[in-house]
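If you're matching them up, the sequences are chains A and B in order. The first sequence begins at 32 in the numbering used here and counts up one residue at a time. The second sequence begins at 6 in the numbering used here and counts up one residue at a time. From the three backbone atoms N, C-alpha and C, an ideal C-beta is built for every residue, glycine too.
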Amino acid sequence: SQTIHQWPATLVQPVGSPLSLECTVEGTSNPNLYWYRQAAGRGLQLLFYSVGIGQISSEVPQNLSASRPQDRQFILSSKKLLLSDSGFYLCAWSRREGTYNEQFFGPGTRLTVL
Amino acid sequence: KQEVTQIPAALSVPEGENLVLNCSFTDSAIYNLQWFRQDPGKGLTSLLLIQSSQREQTSGRLNASLDKSSGRSTLYIAASQPGDSATYLCAVKSTNAGKSTFGDGTTLTVKP
Chain A
32 SQTIHQWPAT
42 LVQPVGSPLS
52 LECTVEGTSN
62 PNLYWYRQAA
72 GRGLQLLFYS
82 VGIGQISSEV
92 PQNLSASRPQ
102 DRQFILSSKK
112 LLLSDSGFYL
122 CAWSRREGTY
132 NEQFFGPGTR
142 LTVL
Chain B
6 KQEVTQIPAA
16 LSVPEGENLV
26 LNCSFTDSAI
36 YNLQWFRQDP
46 GKGLTSLLLI
56 QSSQREQTSG
66 RLNASLDKSS
76 GRSTLYIAAS
86 QPGDSATYLC
96 AVKSTNAGKS
106 TFGDGTTLTV
116 KP
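As structure tokens, this is what we get:
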């Protein structure tokens, strides 16, 4: 069976500090990978998605970046955090082929920027 | 640009009641529509996935329908239980590979 991990679970960082959030998927190969952010009481905003190693598409211009160094590893980074970066960050995966590409989500990382 | 709306934003019902959650979308050219459940502070749990060629999907007490022509999907929950209390989100996958647009969700409270 497939599982998706995210860490850390919670993070409190000062403004201007760097950020690295990690997501890994087990039990599948060549997945599509996604980073979403969820603001309080809101739906999900797609930040980045990747269809393969080193292939990243950005949906929202901002001070965040994403990388995919391995097939099942997806990293969200920032060089300098802003207060507005606070939120709940969710990683998801789906099968690459076919239209039956149901999305499965990780447990999320709660980021608070002070 | 696809837009997804979920109404109402919040719903409170007594235990045992049947209920319907609504999801509407503006662009009918979709691959699929997925319903999720989210408990407070947790990730999303997939409930049902409806392909664009399908009209409905069922899982236990849940039934999701899709009407592409009207840009609507409904999630029917039968015999609601307090454990059903959560936020329910719908997501529409567009014709562009890999992208989904989410609604803001409906927060359901089932009172014992």
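- Measuring C-alpha to C-alpha distances from L95 of chain A to each of A:V144, A:I35, A:L112, A:T143 identifies A:L112 as the nearest.
- Residue environment analysis places A84 of chain B among the exposed positions, since fewer than 16 neighbouring C-beta atoms fall within 10 angstroms of its C-beta.
- In this structure, the CA atom of C122 of chain A is about 33 Å from the CA atom of E20 of chain B.
- DSSP links S75 of chain B through a beta bridge to no other residue.
- Assignment of G118 of chain A by DSSP, reduced to helix, strand and coil, places it in the strand class.
- The shortest CA-to-CA distance from R42 of chain B to any of B:E22, B:T63, B:D89, B:R66 is the one to B:D89.
- The count of Cβ pairs closer than 8 Å, one atom from the stretch 55-70 of chain B and one from the stretch 34-42 of chain A, stays below three, leaving the stretches out of contact.
- Secondary structure of P62 of chain A (DSSP, three-state): coil.
- At a cut-off of 7 Å between beta-carbon atoms, L95 of chain A makes no contact with chain B.
- Relative to the Cα of P49 of chain A, the nearest Cα in the group A:G58, A:K110, A:Q69, A:Y65 belongs to A:K110.
- Under the three-state reduction of DSSP output, G137 of chain A falls in the coil class, being neither helix nor strand.
- For G88 of chain B, the three-state secondary structure derived from DSSP is helix.
- Relative to the Cα of I55 of chain B, the nearest Cα in the group B:G48, B:P45, B:K98, B:I82 belongs to B:K98.
- At least 7 Å separates the CB of D32 of chain B from every CB of chain A.
- Just measuring C-alpha positions, the residue of A:G83, A:R127, A:G139, A:L142 sitting nearest D102 of chain A is A:G83.
- In the three-state DSSP reduction, N132 of chain A falls in the coil class, being neither helix nor strand.
- No Cβ-Cβ contact shorter than 7 Å links Q69 of chain A with L77 of chain A.
- D109 of chain B and S89 of chain A have their C-alpha atoms spaced approximately 21 Å apart.
- Assigned with DSSP and collapsed to three states, L113 of chain A falls in coil, not helix or strand.
- The residues V46, V144, in chain order, have a CB closer than 7 Å to that of L114 of chain A in the same chain once the five nearest residues on each side in sequence are set aside.
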